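Asker: Numbering (this note's numbering), first residue to last: 88 to 283.
Built from N, CA and C at the ideal position, the CB exists for glycine as well.
A quick note: this is a predicted structure, and the numbers were derived from the prediction, not measured.
Take this structure, written in structure tokens, and hold onto it; I'll ask about it next.
Structure, rendered in structure tokens:
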């Protein structure tokens, strides 16, 4: 049975998301809108998030292709570490919905949830291994002070065992959430399942 985590307004429970803007109606959507919804996510045609973004199908297409390549490409950084980066950024940015999604994905990939508790409680002290601490610290710094990332940050990641390809994957996974969180947080809000 899954352990439910609720801490500082964040949760690993499945949330819904409600748009504050009009969403595309699939019954009257253009063929281009339907096509991009179908390629974006399995539940895109019932998701307010994707239906809001479908107003601009070409931008949604490019967003989905980039996101899917960054988060799901084989090789390089493990899926668990990519999800840990996404979870950390979402926690720092205050994106409750994204944090819940990536907490769940991290738990699925890593087969543990104590790290989620640590990130929700205080990401600055999160991590049980040097690698986890390095992934979290880099994700925080890239979110809060991207202009201060430098050679020492790359060295810290290498010292924690990350290869050049893994570092690039972490940078991509962390950076795309600057965009993803802002879309989620400024177009709508998370809602509890079956409620508001």
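Could you pull the start and end residues of the alpha helix (DSSP H) that residue 245 belongs to?
Answerer: 238-246
Asker: Let me check one thing: in DSSP terms, what residues is residue 277 bridge-paired to?
Answerer: DSSP lists 104 as partners of residue 277.
Asker: What does the alpha-carbon distance come out to for the pair residue 289 and residue 261?
Answerer: Since the first residue shown for the chain is 88 and the last is 283, residue 289 is missing from the structure and cannot be characterised.
Asker: Cβ of residue 171 within 8 Å of Cβ of residue 126?
Answerer: Contact flag unset, no.
Asker: Please give me, in chain order, every unbroken run of the beta strand (DSSP E) with length at least 3 that falls completely inside the region 100-179.
Answerer: Taking 3 residues as the minimum length, the beta strand (DSSP E) runs contained wholly in the region 100-179 are 102-106, in order along the chain.
Asker: For residue 223, tell me which candidate among 250, 174, 194, 265 has the shortest Cα-Cα distance.
Answerer: If we check each option's Cα against that of residue 223, 174 comes out closest.
Asker: So is residue 234 buried or exposed if we call it buried at 16+ other beta carbons inside 10 Å?
Answerer: exposed
Asker: Looking at the C-beta of residue 139, does it have a partner C-beta in chain C at a distance below 8 Å?
Answerer: The question asks about chain C, but that chain is absent: this structure has only one protein chain.
Asker: Taking Cβ to Cβ, would you say residue 167 is nearer than 8 Å to residue 275?
Answerer: no
Asker: Measuring CB to CB, does residue 38 end up less than 8 Å from residue 227?
Answerer: In this structure the chain extends from 88 to 283, so residue 38 is not present and cannot be described.
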